[in-house]
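Engineer: Could you have a look at this structure, given as structure tokens, before my questions?
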Amino acid sequence: ATQSCEGRRSKRYVSQDCVAYQPPYVATVFGDPHVITFDELEYTFNGKGEYVLVHVNSSKAKFDVQGRFEQLPNNFYGSVNTTQLTSIAARDNTSAVIEVRLRPTIAQWRYRMDVFADKRRVYFDRPSLRVQHFPGVTIYQPSYVLNQSQIVIMFQSGAGVEIVENKGYMAARVYLPWTFIGQTSGLFGVWNFNAADDLTDSNNMSYPVTWGPGFTNKQPLNTFQSVYQFANSWRLEDKEVYSVGSSLFIHEYTRTASYYADPSFLPDMNSVLTNMYTVNNQNQNFDPRAADAQKARDLCGDSFQCQYDYFLSLNRDLAFYTLIYQSNFLQIRSQVKQRVITCGILETPRFGRKSNFFFTPGTKVTFECNQDFVLVGDQRRTCTAQGQWDVPVFGYTECLREEEYSMRSLFLTWGLIIIVIGGLLLALICCAHRYFLRQQKQTVKVMNTRTRPVELSRGGKNNEEIRELNSPDTEIH
């Protein structure tokens, strides 16, 4: 999940801090060729020509991705009636048309694919050319790629197309944001979270999807004929068709869309499937294809797409990279389905910097200040597994100039001194006041004792003495 969010944040679907991030849905075409739709329907189609992969034509958006499929070279048994992806073209609303084309084998010594932007060839062989901007679209080549074997196309609508190449075999992945739900058509199906209507042709007629027994739940292996009829309705012609569109490819040397199309081309369908799983494994001398079927299983394991490609082409490279492309796609799809937990971005203090810009659980961010600045407040924060930053000690982080920090420290110091001295003075005043009150009470008590009349006793003689003492004329010594 982390890789999904972070990767698409920097490459495809930029969001400020991945809060409320909705990962895109992805569809792909690879190998001989095999398709996995946005709704996860898997099928194999071996048409020859230019076809619509994704077509969106609504009041909100217009988006097209098209693919060109050409026949594979002959193998040991002769002609191979199957095709492979050789070119991808895409356009979003009024953006520039981008085409990524497989170069011929003899011309792949430097670049593996050619990239065209509005019919102009572009290259990515220098650091300054890694990212190139065109009207409504940005083309990006990862920094670790030096031979144009991986190209990422990012459109303003949020849609993205990724094309990869290995040993002369291409694969394309289309990423769409949720704003495209219910608006797509083409070989990648109707994206509405219901795979049952993915085989909807250009005339809005839906072919039934039945699942092949014994294989993956998403592989309609017993509907090759239906798939072929459905997919051929999305073949591009020389003239524009409203529900299909027109070809976006560059046609050189007076070639047209019909040059690459071959309506009479009949791919191997059920016969291949039957031969793959009904060969005589007990007597390989009797059935020469039994050894091929066994090699396919040894190389591919349980992957039908890989077994299909090897059994049909006898090309280990094609089968191997079909397996790789399929595995990579399944990994990407599982990542985008995971819930993204994020703590949100932390603001960088003015005149300072952060140790990193991550905001996923487990991230530790340390703040530092530029030269001649002093950091005050929280120096580090940690993103918890609950998607929240840990409780701060101070609640703020800022960088102050050394002069400002010194003045603030000086004022703080003098403030503390004044508070302490004021407290001491107040305590002394209180103590002096209490002492004065205590002395005053004692003085009053003594005066009262000396001036109080002496009570008369009942004795006669004593009473005479007391009267004499209480007489005003008596002088006290």
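Under my numbering, the first residue of the sequence shown is numbered 10, with each subsequent residue one higher.
C-beta atoms are modelled at their ideal positions from N, C-alpha and C, and glycine is treated no differently.
Just so you know, these numbers come straight off a predicted model, no measurement behind them.
What are the start and end residues of the alpha helix (DSSP H) that includes L308?
Structural biologist: Unbroken alpha helix (DSSP H) run through L308: 298–309.
Engineer: What do you get for F258, buried or exposed, if any count of 16 or more other CB atoms within 10 angstroms of its CB means buried?
Structural biologist: It counts as buried.
Engineer: In angstroms, rounded to a whole number, what distance separates the CA positions of N212 and R244?
Structural biologist: Their Cα atoms are separated by approximately 12 Å.
Engineer: Can you have a look at L327 and say buried or exposed, based on whether 16 or more other CB atoms are within 10 angstroms of its CB?
Structural biologist: Buried, because 16 or more other Cβ atoms sit within 10 Å of the Cβ of L327.
Engineer: Does the distance from the CB of I341 to the CB of R182 come in under 9 Å?
Structural biologist: Yes, the Cβ-Cβ distance between I341 and R182 is below 9 Å.
Engineer: How far does the alpha helix (DSSP H) with Y317 in it reach, from first residue to last?
Structural biologist: Taken as a continuous stretch (DSSP letters only), the alpha helix (DSSP H) holding Y317 covers 313–322.
Engineer: For I162 and E171, what's the separation of their Cα atoms in angstroms?
Structural biologist: The alpha-carbon atoms of I162 and E171 are separated by roughly 6 Å.
Engineer: Output needed for S364: all residues of its chain with C-beta closer than 7 Å, excluding positions within five of it in sequence on either side, in chain order.
Structural biologist: Around S364: V374, T375.
Engineer: Output the distance between the C-alpha atoms of E51 and A205, rounded to the nearest integer angstrom.
Structural biologist: The straight-line gap from Cα to Cα measures roughly 11 Å.
Engineer: For I190, which of helix, strand or coil comes out of DSSP?
Structural biologist: DSSP places I190 in coil when its eight states are reduced to three.
Engineer: From M179, P32, G191, pick the residue whose C-alpha is nearest to that of V167; which is it?
Structural biologist: The question names Val, yet the displayed sequence has Gly at residue 167. That would be P32, whose Cα lies nearest to the Cα of G167.
Engineer: Between the beta-carbon of L384 and the beta-carbon of C408, is there less than 9 Å?
Structural biologist: It is a contact, given that the beta carbons lie within the stated cut-off.
Engineer: For R389, which residues from the same chain have a beta carbon less than 8 Å from its beta carbon, with the 5 sequence-adjacent residues on both sides left out?
Structural biologist: Excluding positions up to five away in sequence, the list reads K373, V374, T375, F376.
Engineer: Within 10 angstroms of its Cβ, does V28 collect 16 or more other Cβ (buried), or is it exposed?
Structural biologist: When all chains shown are included, V28 counts as exposed.
Engineer: Counting C-beta neighbours from all protein chains within 10 Å, is the total for I115 16 or more, i.e. buried, or is it exposed?
Structural biologist: With fewer than 16 other Cβ atoms within 10 Å, it is exposed.
Engineer: Which same chain residues, not among the five before or five after H43, have their C-beta less than 6 Å away from its C-beta?
Structural biologist: So the list reads T53, Q314, once near-sequence residues are dropped.
Engineer: Give every residue of the same chain whose Cβ lies closer than 6 Å to the Cβ of T225, excluding the five residues on either side of it in the sequence, and list them in chain order.
Structural biologist: At T225 the pLDDT is 46, less than 50, meaning the model places this residue with poor confidence and gives no usable figure here.
Engineer: Given that a residue counts as buried once 16 or more other Cβ atoms are within 10 Å of its Cβ, and exposed if not, what is A441?
Structural biologist: Flag for A441 reads exposed.
Engineer: Could you tell me the alpha carbon to alpha carbon distance between E174 and R119, rounded to whole angstroms?
Structural biologist: E174 and R119: Cα-Cα distance of roughly 13 Å.
Engineer: Give me, in chain order, the residues of the same chain whose beta-carbon lies closer than 8 Å to that of M122; leave out the 5 immediate sequence neighbours on both sides.
Structural biologist: For M122, where only same-chain residues beyond five positions count, the Cβ hits under 8 Å are V109, R110, L111, R112, Q157, S158, I160, I172, E174, M179.
Engineer: Going by other Cβ atoms of all chains shown within 10 Å of its Cβ, with 16 needed for buried, is H64 buried or exposed?
Structural biologist: So H64 ends up on the buried side.
Engineer: Going by alpha carbons, who is nearest to D41 out of S336, R139, Y317, L196?
Structural biologist: Checked all of S336, R139, Y317, L196; the closest Cα to D41 is Y317.
Engineer: According to DSSP, which residues form a beta bridge with Q80?
Structural biologist: Paired residue(s): T92.
Engineer: Report the rounded CA-to-CA distance for Q451 versus C439, giving the unit in angstroms.
Structural biologist: So the two alpha carbons sit approximately 19 Å from each other.
Engineer: Going by CA-CA distance only, name the one from D311, G169, Y319 that's closest to W187.
Structural biologist: For W187, the nearest C-alpha among the options comes from G169.
Engineer: State the DSSP-derived secondary structure class of K346, mapped to helix, strand or coil.
Structural biologist: It is helical.
Engineer: Where do the ends of the beta strand (DSSP E) carrying N66 lie?
Structural biologist: Counting along the chain, the beta strand (DSSP E) containing N66 begins and ends at 58–66.
Engineer: List the residues that DSSP assigns as beta-bridge partners of R443.
Structural biologist: R443 pairs with nothing; no bridge assigned.
Engineer: Out of Q238, V124, I426, C392, which has the shortest C-alpha to C-alpha gap to F274?
Structural biologist: Measuring from the Cα of F274, the nearest candidate turns out to be Q238.
Engineer: Who are C378's beta bridge partners in DSSP?
Structural biologist: DSSP output for C378 lists G361 as bridge partner(s).
Engineer: I need the straight-line Cα distance from E411 to Q397, nearest angstrom please.
Structural biologist: Looking at the two C-alpha atoms, the distance is approximately 32 Å.
Engineer: Once you ignore the five residues that flank V23 on each side, which residues in its own chain have a CB closer than 7 Å to its CB?
Structural biologist: In this prediction, V23 scores a pLDDT of 45, lower than 50, which makes its location untrustworthy; the coordinate-derived value is nonetheless stated afterwards. Excluding residues within five positions, none has a Cβ falling inside 7 Å.
Engineer: Check M456 in the structure and name its three-state DSSP category.
Structural biologist: Helix at M456.
Engineer: Out of L308, I190, K71, which one is the CA nearest neighbour of D101?
Structural biologist: Ranking L308, I190, K71 by Cα distance to D101 puts K71 first.
Engineer: State buried or exposed for P272, treating a residue as buried only when at least 16 other CB atoms are found within 10 Å of its CB.
Structural biologist: With fewer than 16 other Cβ atoms within 10 Å, it is exposed.
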